[in-house]
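Colleague:
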Amino acid sequence: MAKINFVDHSGETRTIDADVGSTVMEVAIRNAIPGIEAECGGACACATCHVYVDEAWQERVGAPTPMEEDMLDFGYDIKPNSRLSCQIKVTEALDGLVVITPERQA
């Protein structure tokens, strides 16, 4: 189990217990986190689960794959710390992860 901190664009934080092996997107959907739409269901075929990874966590989360980078091109307000939450696997090393949801999804 790992804790994931979801911060919305207004600064409200929701801390959720996440099962190791799930994705950040799956955790968000199961817990009705505002700002995560996940229209493709986690297939990396849209950008509606876009999040910003807090700077302190970027190295541990890692860089997006080329396929994820291609999909991020369709996201709203993409930044260097943008990731698709469907592509971030929850591990024990990510206990305490902080992700910020954008003001809106593409």
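Using the working numbering, you'd call the opening residue of the sequence shown number 50 and step up by one each time. Think of the CB as a built atom: it goes at the ideal place given N, C-alpha and C, for glycine as much as any other residue.
1. Let me confirm a value: R109 is counted as buried when at least 16 other C-beta atoms fall within 10 Å, else exposed. Which label applies?
2. Does the region 109-118 come close enough to the region 65-72 that 3 or more CB-CB pairs lie under 8 angstroms?
3. Run through DSSP, which three-state label would V100 get?
4. Assign V147 to one of three DSSP states: helix, strand, or coil.
5. Can you give me the start and stop residues for the alpha helix (DSSP H) that D119 sits inside?
6. Assign R153 to one of three DSSP states: helix, strand, or coil.
7. Alpha carbon to alpha carbon, how far is P129 from E75?
Modeller: Reading it off the structure:
1. Exposed is the label assigned to R109, since fewer than 16 other Cβ atoms lie within 10 Å of its Cβ.
2. no
3. The answer is strand: DSSP assigns V100 an E or B state.
4. strand
5. P115 to L121
6. Of the three classes helix, strand and coil, the one that applies to R153 here is coil, per DSSP.
7. P129 and E75 have their C-alpha atoms roughly 23 angstroms apart.
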